[in-house]
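Peer 1:
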Amino acid sequence: MNNHAIATTAGADSKLAAPTRLSLTWYRLKKKLRTPTPYLMVLGLTLWMVTWWLFSEVWKLPRFEKMPGPVVLLKDWLASEPFYGISFFTEIYYEHIWISTRRILIAFAIATGLGVPLGLFMGWSKKFKDYAFPILETLRPIPILAWVPLAILMFKGFEAPVIFLATLASLYVTTLNTLLGVESIDESYFRAAGCLGSKPRHVFFHIVVPGALPFIFTGLQISVGVAWFSLVAAEMVSGDYGLGYLIMQSYVNSVTVPLVIGMVTLGFVGWFTSALVRRAGNLMMQWRVRALALEGR
Amino acid sequence: MTQQAAAKMQDMSAQVHTARTTKGALSIRNVTKIYDPEGVNILAVDSCSMEVAPGEFCMIVGPSGCGKTTLLNAIAGFHSITSGEIFLDRKLLCGPGKPTAAQGADRIVVFQNGALFPWKTLAQNVAYGPMVQGVLSKRDALDKAHEMLAEAGLGEFGGKYPGEVSSGMARRAEIVRALINNPKVLLLDEPYRAMDGLTKSIMHEALLEVYDRTKVTIFFITHDLEEAIFLGDRVYVLTTRPCRLKKVVNVDIPRPRNYEVLSSEQFRLLVEETNDAVHEEAIKAFRLGERELA
């Protein structure tokens with residue numbers, strides 16, 4: 252029959268164009284270098300740095316005279332014996348980064364471990380949603396900063412309240428996005444699963460969980476950002492180490508260079524954690540990555 | 004693979020391959036469905052009756068929104084009916100005291116927009132049914148899935164995700180996913196609606212080939228009259244809402260059929276015979292101008 256012929260030719264074509272992983276990466280890199288994107292990125296960054304430098308160090312414009320310029324900042328950041336005590340070569344710099352990162356890892360793990368199942372169950376069972384959703388929706392608008400005093404009273408030490416606040420912030424985001432993820436699943440998948448003889452647990456593991464994954468990972472990317480946000484806020488109020496503490500301590504001591512080093516470091520570390528989450532999502536959702544790739548995205 | 008499982012698989016494929024005409028008698032008796040989305044009763048189906056013989060390729064034709072899908076949903080167990088009865092092989096699916104039929108693998112739906120699970124490969128999709136029903140182990144189900152995909156000319160695509168293949172390939176895989184369960188009835192809800200004419204013709208031939216091989220009862224909804232006559236044994240023309248049976252046309256074009264049928268005198272006469280009835284209802288539906296109900 253005709254159909255078989257069609258199938259085999261199409262199959263042969265796809266075999267012909269099966270590249271290795273390395274050659275594919277190289278090909279994509281070359282292709283990218285032919286587009287304006289990387290050059291525009293470099294140009295944009297340079298323009299931004301030059302503007303900053305002119306405003307704060309050359310012209311010393313009002314409002315900018317207190318801000319350390321890029322030259323001063325980089326000089327100290329890269330110095331082996333920094334004037335303000337924080338640079339790539341000091342142990343304390345990595346200690347601040349590591350302590351904040353560890354708090355984020357713990358908070359993010361707890362929030363994901365609780366939030367994803369919570370959202371999945373809420374989406375899966377109407378009854379459970381009826382119980383839990385009003386509570387979530389009342390607690391969620393309370394700003395995390397409003398929790399700070401209570402958190403300090405509730406938990407002993409520096410570590411627990413900070414982690415609690417970061418967890419709380421990211422828990423809401425994760426739960427809500429997971430719930431939306433389940434609700435976004437097309438009804439026909441549930442119907443198809445029913446037709447094919449699924450029991451409820453099959454529907455949960457084969458439809459609800461994978462179907463909600465795209466939303467879950469969008470939520471996790473936001474949630475890791477929110478966790479950083481509330482972590483730094485909490486470290487500013489209560490803490491002994493961490494990037495938020497570094498920023499606040501520099502402010503108290505009126506030294507602006509470590510303050511801005513802390514800020515820029517937060518930017519990079521936050522970007523890195525979001526990228527990690529995105530990467531994990533892509534690994535778990537090959538079906539989506541491949542389909543999007545065919546659409547040229 | 005264990006010997007027992009192999010025997011089971013052979014048994015299954017034997018059932019699929021032998022033409023069987025004893026299973027899949029669908030009997031729809033005085034089925035009425037009233038929707039009340041906003042407290043206002045809408046009569047969607049009004050005491051509709053039809054008898055579908057075992058192994059019949061039955062085509063349901065009617066204007067958009069006439070209640071064809073309501074009937075299909077009632078058979079599949081997605082929705083309740085208000086009164087009447089539906090039997091499958093003399094067993095009550097739904098009726099008085101049991102408004103919604105239990106969903107089961109004896110009636111499998113192929114959806115209008117396709118419902119292959121996008122997070123499973125074609126082979127995993129096909130293997131899903133026997134796996135969750137506990138008929139086959141995961142490995143045996145996958146072996147069987149690859150085998151059946153190959154039979155349908157999709158052998159190369161077993162490892163692909165639905166998002167990576169054409170809609171035509173996906174739809175064929177979806178039919179294979181249904182057939183692996185050895186269903187009594189295949190319920191198709193305008194499966195080729197969104198396809199271009201060329202793809203559609205290939206899909207038609209593939210479906211006819213499947214039907215000739217399995218002789219499974221097919222309940223096929225469409226509003227394309229030519230498609231209905233080309234594929235079906237009988238064409239049931241339904242009225243616009245409320246849905247009733249308007250006309251039944253027996254299509255006695257011999258099988259196996261191919262595309263030459265379309266240019267035959269017999270085909271032309273059948274279209275002519277049916278066209279007036281369909282057109283009349285289409286005009287009525289257009290005048291109603293209401294949105295389709297789910």
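Heads up: the protein sequence lines correspond to chains A and B, in order.
For the first sequence, position 96 (counting from the first letter as 1) is numbered 347 according to this note's numbering, and the numbering increases by one without interruption.
For the second sequence, position 70 (counting from the first letter as 1) is numbered 73 according to this note's numbering, and the numbering increases by one without interruption.
Note that beta-carbon positions come from the ideal geometry of N, C-alpha and C, so glycine has one too.
Just so you know, these numbers come straight off a predicted model, no measurement behind them.
Could you check where the beta strand (DSSP E) with A47/B kicks off and where it finishes?
Peer 2: I45 to V55
Peer 1: Count the other CB atoms within 10 Å of the CB of I403/A; is the residue buried (16 or more) or exposed (fewer)?
Peer 2: buried
Peer 1: F480/A to F379/A, Cα distance in whole Å?
Peer 2: 30 Å
Peer 1: For P53/B, I'd like the list of residues in its chain whose CB is within less than 7 Å of its CB, leaving aside the five on either flank, ordered along the chain.
Peer 2: Strictly speaking, residue 53/B in this sequence is Met, with Pro absent from that position. So the qualifying residues of the chain are I31, Y239 and L248.
Peer 1: Fully enclosed by the segment 451–493 of chain A, which beta strand (DSSP E) runs are 3 residues long or longer?
Peer 2: none
Peer 1: Distance check for W349/A and T363/A, CA to CA, integer angstroms please.
Peer 2: 20 Å
Peer 1: Are the CB atoms of G98/B and L241/B within a distance shorter than 8 Å?
Peer 2: no
Peer 1: Quick one: what does DSSP say G428/A is sitting in, helix, strand or coil?
Peer 2: It is Asn, not Gly, that sits at residue 428/A in the sequence shown. Here N428/A sits in helix by DSSP.
Peer 1: Determine the burial state of Q106/B: buried for a count of at least 16 other Cβ atoms within 10 Å of its Cβ, exposed for fewer.
Peer 2: Under this definition Q106/B is a buried residue.
Peer 1: Comparing the C-beta of Q136/B with each C-beta of chain A, is any distance below 8 Å?
Peer 2: At a cut-off of 8 Å between beta-carbon atoms, Q136/B makes contact with chain A.
Peer 1: With the cut-off set at 8 Å, would you say G476/A and S351/A are in Cβ contact?
Peer 2: no
Peer 1: What residues from chain A crowd round G132/B, counting only those whose CB sits closer than 7 Å?
Peer 2: L447 and G448
Peer 1: Helix, strand or coil for N278/B? Go by DSSP, reduced to three states.
Peer 2: helix
Peer 1: At least one CB of chain B closer than 8 Å to the CB of G522/A: is that the case?
Peer 2: A quick correction: the sequence has Trp, not Gly, at residue 522/A. Judged by the 8 Å Cβ criterion, W522/A is not in contact with chain B.
Peer 1: Which residues of chain A have a Cβ atom closer than 7 Å to the Cβ of A144/B, listed in chain order?
Peer 2: Result: empty, since nearest Cβ-Cβ is about 11 Å, beyond 7 Å.
Peer 1: Does the separation of the CB atoms of I436/A and A411/A fall below 8 Å?
Peer 2: no
Peer 1: Okay, do the segment 170–180 of chain B and the segment 483–490 of chain A touch, 3+ Cβ pairs below 8 Å being the bar?
Peer 2: no
Peer 1: Where does F120/B land, buried or exposed, given buried means 16+ other C-beta within 10 angstroms?
Peer 2: F120/B is classed as buried because its beta carbon has at least 16 other beta carbons within 10 Å across all chains shown.
Peer 1: Mind listing, in chain order, the continuous alpha helix (DSSP H) runs of no fewer than 4 residues lying wholly within the segment 501–537 of chain A?
Peer 2: 507–535
Peer 1: So, are the CB atoms of A383/A and A420/A less than 8 Å apart?
Peer 2: No; because the gap between Cβ atoms is not below 8 Å, this pair is not in contact.
Peer 1: For D109/B and V188/B, I'd like the C-alpha separation in whole angstroms.
Peer 2: 6 Å
Peer 1: Are the segment 87–95 of chain B and the segment 136–146 of chain B in contact at 8 Å, needing three or more beta carbon pairs?
Peer 2: no
Peer 1: Can you tell me the Cβ-Cβ gap for V219/B and G27/B, rounded? I've got them flagged as a contact below 8 Å.
Peer 2: Confirmed, about 6 Å.
Peer 1: Sorted by chain position, which residues of the same chain lie with C-beta nearer than 8 Å to Q18/B's C-beta, five sequence neighbours on each side aside?
Peer 2: No answer about Q18/B holds up, because its pLDDT of 45 lies below 50 and its placement is not dependable.
Peer 1: Tell me the start and end of each unbroken beta strand (DSSP E) in the segment 203–264 of chain B that is at least 3 residues and wholly inside, in chain order.
Peer 2: 220–225, 237–241 and 248–253
Peer 1: Between the Cα of I208/A and those of M536/A, S331/A and V413/A, spot the shortest distance and give me the residue it belongs to.
Peer 2: Outside the shown range of chain A, which is 252 to 548, sits residue 208/A, and nothing can be said about it.
Peer 1: Pairs of beta-carbons, one from the segment 318–338 of chain A and one from the segment 502–517 of chain A, closer than 8 Å: are there three or more?
Peer 2: Because the criterion of three Cβ pairs below 8 Å is met, the segment 318–338 of chain A and the segment 502–517 of chain A touch.
Peer 1: What is the rounded straight-line gap between the Cα of E546/A and the Cα of D199/B?
Peer 2: 20 Å
Peer 1: In its own chain, which residues sit with a C-beta less than 6 Å from the C-beta of A280/B, not counting the 5 before and 5 after it?
Peer 2: Beyond the five residues adjoining it in sequence on each side, A280/B comes within less than 6 Å, by CB distance, of V240, K249 and K250 in the same chain, given in chain order.
Peer 1: Would you report the Cα separation of T73/B and A176/B, rounded to the nearest angstrom?
Peer 2: 25 Å
Peer 1: Give me the Cα-Cα distance between E230/B and V460/A, rounded to the nearest whole angstrom.
Peer 2: 38 Å
Peer 1: May I have the straight-line CA-CA distance separating F466/A from G445/A, to the nearest angstrom?
Peer 2: 23 Å
Peer 1: Quick check on N499/A: buried or exposed, where buried means 16 or more other Cβ atoms within 10 Å of its Cβ?
Peer 2: Residue identity check: residue 499/A is Met in the sequence provided, not Asn. Buried, since its Cβ has 16 or more Cβ neighbours within 10 Å.
Peer 1: Since R244/B and A47/B should fall inside the 8 Å C-beta cutoff, what is the C-beta to C-beta distance between them, to a whole number of angstroms?
Peer 2: Going by Cβ atoms, the distance from R244/B to A47/B rounds to 6 Å, so yes, they are a contact pair.
Peer 1: Taking the alpha-carbon of W303/A as reference, which of K283/A, M318/A and Q472/A has the nearest alpha-carbon?
Peer 2: Among K283/A, M318/A and Q472/A, the Cα nearest to that of W303/A belongs to M318/A.
Peer 1: Looking at the C-beta of H347/A, does it have a partner C-beta in chain B at a distance below 8 Å?
Peer 2: no
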